[in-house]
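Everything in the sequence shown is counted per the UniProt record's numbering, starting at 1 for the first residue and increasing by one.
Built from N, CA and C at the ideal position, the CB exists for glycine as well.
Read through the structure below, which is laid out as structure tokens, and then see the notes.
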Amino acid sequence: QQNLNQIPALKLAIATNYESLAKENTNLKQQAFDNYQEAYTSAWQLEQYARAGEALEKLIAFYRSEKQIDAALQTGKILIETQTLANNFYGLMLAYDEIGNLYLERQEYAQALTAFEKGLAMAKQLKYQEAYFTQQIEKLKTEQKM
1 QQNLNQIPAL KLAIATNYES LAKENTNLKQ QAFDNYQEAY TSAWQLEQYA RAGEALEKLI
61 AFYRSEKQID AALQTGKILI ETQTLANNFY GLMLAYDEIG NLYLERQEYA QALTAFEKGL
121 AMAKQLKYQE AYFTQQIEKL KTEQKM
């Protein structure tokens, strides 16, 4: 059992190494991606939700770097669920920010606004980054006449 608990962390480390190597050899991107997914899956199965969230964050960054915004958004929605299970309000706040920015990239302003408003709700609970989320919301409302 102890060895099983270490698998998600090892998979994350392996994925990170592959991602670094992929900068020199793009053929290794798939191994990085596969290991991030395996890290997430194994962490989820072991109910290591914080670790699962970490793997999902890496997957989102990976998708973004590959310009796969739809996949990043889908993964972001899973991240919300994972951070909720982990009771990680800070992680939730960051996830809503990430999702808001992904929607901005797709020019889906109403969805971006909703994500930033949810992020603001988390920020208020944490009493952290409230000004940032308020600014994002006001900027969207002003620029998009919402």
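query	result
Looking at C-alpha atoms only, which residue of L28, Q48, M93, Q30 is the closest neighbour of P8?	Q48
Quick one: residues in its chain with C-beta nearer than 6 Å to the C-beta of L21, no 5 flanking neighbours on either side, listed in chain order?	L28
Using the Cα positions of A112 and G91, report the straight-line distance between them to the nearest angstrom.	18 Å
Quick one: is D97 buried, meaning 16 or more other Cβ sit within 10 Å of its Cβ, or exposed?	buried
Would you tell me roughly how many angstroms separate the C-alpha atoms of Q136 and Q45, rounded to the nearest one?	36 Å
Rounded to whole angstroms, what is the Cα-Cα separation between S65 and G76?	15 Å
Runs of 4 residues minimum, wholly inside the stretch 19-65: which ones carry the alpha helix (DSSP H) assignment?	29-45, 49-65
Between which residues of its own chain and A52 is the CB-CB distance below 6 Å, once the five residues before and five after are set aside?	Y40, A43, W44, T82
DSSP state of N88, grouped into three classes?	coil
What number of angstroms, rounded off, separates the C-alpha of E138 from the C-alpha of A32?	38 Å
On the criterion of 16 or more Cβ atoms from any shown chain inside 10 Å, does Q129 qualify as buried, or is it exposed?	buried
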